[in-house]
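Sequence order for the protein chains is H and X. Per our numbering, residue 453 is the first one in the first sequence, and the count goes up by one each step. Per our numbering, residue 453 is the first one in the second sequence, and the count goes up by one each step. Quick reminder that beta carbons are idealized off the backbone N, C-alpha and C, glycines included. Every value quoted in this text rests on a predicted model; they were computed, and no experiment measured them. Data block below; observations after.
2 protein chains.
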Amino acid sequence: MLRDAILGWFGGQSSSGAAAASVGFQGAALGWEPLAGRRALVTAGPTHEPVDPVRYLGNRSSGLQGYAIAAALVVLGARVTLVSGPVSLADPAGVNVVRVETGLEMERAVRAALPVDIAVCAAAVADWRVDGISGRKLKKRADMAPPVLTLVPNPDILAILSAPGPERPTLVVGFAAETDDVEVNAVAKRTRKGCDWIVANDVSAGTNVMGGPDNRAVLITEDGIERWPLLPKADLARRLAQRIAARFEAPVMASGGERV
Amino acid sequence: MLRDAILGWFGGQSSSGAAAASVGFQGAALGWEPLAGRRALVTAGPTHEPVDPVRYLGNRSSGLQGYAIAAALVVLGARVTLVSGPVSLADPAGVNVVRVETGLEMERAVRAALPVDIAVCAAAVADWRVDGISGRKLKKRADMAPPVLTLVPNPDILAILSAPGPERPTLVVGFAAETDDVEVNAVAKRTRKGCDWIVANDVSAGTNVMGGPDNRAVLITEDGIERWPLLPKADLARRLAQRIAARFEAPVMASGGERV
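The following block contains the structure:
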């Protein structure tokens, strides 16, 4: 098979998923696209949950990691829909980008993108939204106490995608941004959500991951824990896309679309 | 005087502040800088008030209007410090930019920039910050009610700058983003804060002012109300800078620094 020839060319072994995926990425330059024919959904960025017409509850996600993953999956041949919260990033080339503001809007856009083979939930969807959004700007008055914001849970998009059913993607990858006990919390999150993999990272003060250029991840799969080094977000994205391609292990030729 | 010569050249009349300022701006291209020797402070953008290490309370200010005002004041010869909340805009040329996140940080940076002749408070400082910021990421737990956010008032930077005292700028300009009764609320705000002018605009849904390219303002001065047309934010900034220059009415030659 051509795939084996390329693996041999790059010194890879088809028995090693990671090696195959690594070669797969390099092979893309030769027109070998291991995810050709696969559909992928990536979520990225924060959500903004309105308090009133001008105020919102948000989070510090820049969207960089999710955008890089969408781009890396396209390079490996996948057809990618990126559902993005409010970020100041340009659309990645070749990606179908759907822009949303709130968690409820992101849920609707994600459901509309199904079915897909691969779902990567890199967005930092607000866990809560504000109960009782004011249609008018809340006024500050010296004679009135500040408002109290009552929160209600947002839809859990990772859990929705992970739930068994005819539209469940073959591979659901979640992200976990933690400030304490990163691995323990991430392993628990994988079980709780029912997703296949979790990419966990430490976003505590000083790590500069939220909004920063680099990321240090721990990948938690059905097979165990892989501790990855500190990497530029684009490199981490490529590594994850390669792991995803290896998981599918059914490379499709880009040119002609025949399975090898 | 050269100023009168330039006014005459452009058909302006020195008795008309607006005409003089308009000429002043055009005159800048000729090296005539009516705000040369003046120091200006501009605040811009939103503030982000942390809830925990990843979440914050924010508002939809893009910073565009304040950045444009800082740039327009520089063109007219002012030395400008721009205290900016978190925005994705490049530093305007020739402006000293101080970047902050929270309302408390903005207050400190503003105080550090004094004394100035002109202060333009275009930032949308959060009226409230969260009481009791969590040092750890708040966890969502199925068995726990969502958190309730208790808010406390942030420092009122416009009122601080407007208060009488040796460091009060000669001209303090506030902004009012309103969704109802724009002029009535803005006139009341001018009195309440003690500032000299208010630039008021309607940010209700559908106007697309917050984050959008255009702005329709009402300028409220000691002399009354001026209703300006819908303008690109850069044009509104130039118009405001011209009005400010007219108010100072003491043009200084840029080349050589001699007063005309």
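> CB-CB under 6 Å to Asn511 (chain X), same chain, minus the five flanking residues each way: which ones, in chain order?
Replying inline: Once the five neighbours on either side are set aside, the close Cβ partners of Asn511 (chain X) are Pro498, Ala576.
> What number of angstroms, rounded off, separates the C-alpha of Arg711 (chain H) from the C-alpha of Ala520 (chain X)?
Replying inline: Because Arg711 (chain H) carries a pLDDT of 42, less than 50, the predicted location of this residue cannot be relied on, and the following value inherits that uncertainty. Computed Cα separation, rounded: 56 Å.
> At a Cβ cut of 9 Å, what residues of the segment 504-527 of chain H count as close to chain X, listed as they run along the chain?
Replying inline: Of all residues in the segment 504-527 of chain H, Asp504, Pro505, Val506, Arg507, Tyr508, Leu509, Gly510, Asn511, Arg512, Ser513 have a Cβ within less than 9 Å of some Cβ in chain X.
>> Please identify the residue among X:Asp666, X:Ile650, X:Gly664 whose C-alpha is closest to the C-alpha of Arg695 (chain X).
In response: The shortest Cα separation from Arg695 (chain X) among X:Asp666, X:Ile650, X:Gly664 belongs to X:Ile650.
>> So for Arg491 (chain H), helix, strand or coil by DSSP?
In response: For Arg491 (chain H), the three-state secondary structure derived from DSSP is strand.
> Taking the alpha-carbon positions, what's the Val625 (chain H) to Asp543 (chain H) distance?
Replying inline: Between the alpha carbons of Val625 (chain H) and Asp543 (chain H) lies a distance of about 22 Å.
> Who are the neighbours of Thr631 (chain X) on chain H, taking C-beta pairs under 7 Å?
Replying inline: Going along chain H in sequence order, the residues near Thr631 (chain X) (Cβ under 7 Å) are Pro505, Arg588, Lys589.
> Can you name the residues that DSSP bridges to Cys573 (chain H)?
Replying inline: In the DSSP output, where bridge partners are listed per residue, Cys573 (chain H) has H:Thr495, H:Gly626.
>> I'd like the list of long-range same chain contacts for Lys432 (chain H), defined as Cβ closer than 8 Å, with 5 residues on each side in sequence excluded.
In response: What the structure shows of chain H is the stretch from 453 to 712, and residue 432 (chain H) is not part of that stretch, so it cannot be assessed.
> What residues in the segment 601-620 of chain H have a beta carbon less than 7 Å from any beta carbon of chain X?
Replying inline: Listed by position along the chain: Leu601, Thr602, Leu603, Val604, Pro605.
> What first and last residue would you give for the beta strand (DSSP E) that runs through Arg568 (chain H)?
Replying inline: The amino acid occupying residue 568 (chain H) in the given sequence is Val; Arg does not appear at that position. Unbroken run through Val568 (chain H): none, as it is neither H nor E.
> Who are the neighbours of Ala571 (chain X) on chain H, taking C-beta pairs under 8 Å?
Replying inline: Near Ala571 (chain X) there are no residues of chain H at all, since even the closest Cβ is about 20 Å away, more than 8 Å.
> Terminal residues of the continuous alpha helix (DSSP H) containing Glu678 (chain X)?
Replying inline: Here Glu678 (chain X) belongs to no alpha helix (DSSP H); instead the beta strand (DSSP E) covers 676-684.
> So Val506 (chain H) packs on Lys589 (chain H), CB below 8 Å; how close in whole Å?
Replying inline: Right, the Cβ-Cβ distance comes to about 5 Å (below 8 Å), so this counts as a contact.
>> I'd like to confirm the pairing. Which residues does DSSP put opposite Glu635 (chain H) in its beta bridges?
In response: In DSSP, Glu635 (chain H) forms no bridge with anything.
> Is it true that the segment 599-608 of chain X meets the segment 608-619 of chain H, where meeting means three or more beta-carbon pairs spaced less than 8 Å apart?
Replying inline: Judged by pairs of C-beta atoms under 8 Å, the segment 599-608 of chain X does not touch the segment 608-619 of chain H, as fewer than three such pairs exist.
> Whole-angstrom Cβ separation of Arg531 (chain X) and Arg491 (chain X), contact assumed at under 8 Å?
Replying inline: Right, their Cβ atoms sit about 5 Å apart.
> If you compare alpha carbons, which of H:Ala578, H:Arg581, H:Thr631 is closest to Val655 (chain H)?
Replying inline: It is H:Thr631 whose Cα lies nearest to the Cα of Val655 (chain H).
>> Buried or exposed, going by whether 16 or more other CB atoms sit within 10 Å of the CB of Ala593 (chain X)?
In response: A small correction: the amino acid at residue 593 (chain X) is Arg; Ala does not occupy that position in the sequence shown. Exposed: under 16 other Cβ atoms inside 10 Å.
>> Assuming the contact rule is C-beta atoms closer than 8 Å, Ala578 (chain H) and Gly529 (chain H) should be a hit. Round their C-beta distance to whole Å, please.
In response: Not quite, the Cβ-Cβ distance comes to about 33 Å (not below 8 Å), so this is no contact.
>> Give me the chain H residues within the contact set of Pro599 (chain X), using Cβ-Cβ distance strictly less than 8 Å, ordered along the chain.
In response: At a C-beta separation below 8 Å, Pro599 (chain X) has these neighbours in chain H: Trp580, Leu603.
>> Please confirm whether Ser536 (chain X) has its beta-carbon closer than 8 Å to some beta-carbon of chain H.
In response: With its beta carbon at least 8 Å from every one in chain H, Ser536 (chain X) lies outside the interface.
> Curious, which full-length beta strand (DSSP E) runs of at least 3 residues does the segment 587-622 of chain H contain?
Replying inline: You should have 600-605.
> Which residue or residues does DSSP assign as beta-bridge partners of Ala652 (chain X)?
Replying inline: Under DSSP, Ala652 (chain X) forms a beta bridge with X:Ala628, X:Val670.
> When DSSP builds the beta bridges, which residues end up paired with Tyr508 (chain H)?
Replying inline: As a beta-bridge residue in DSSP terms, Tyr508 (chain H) pairs with H:Pro502, X:Gly510.
> Looking at the unbroken alpha helix (DSSP H) that takes in Leu525 (chain X), where does it start and where does it end?
Replying inline: Unbroken alpha helix (DSSP H) run through Leu525 (chain X): 516-527.
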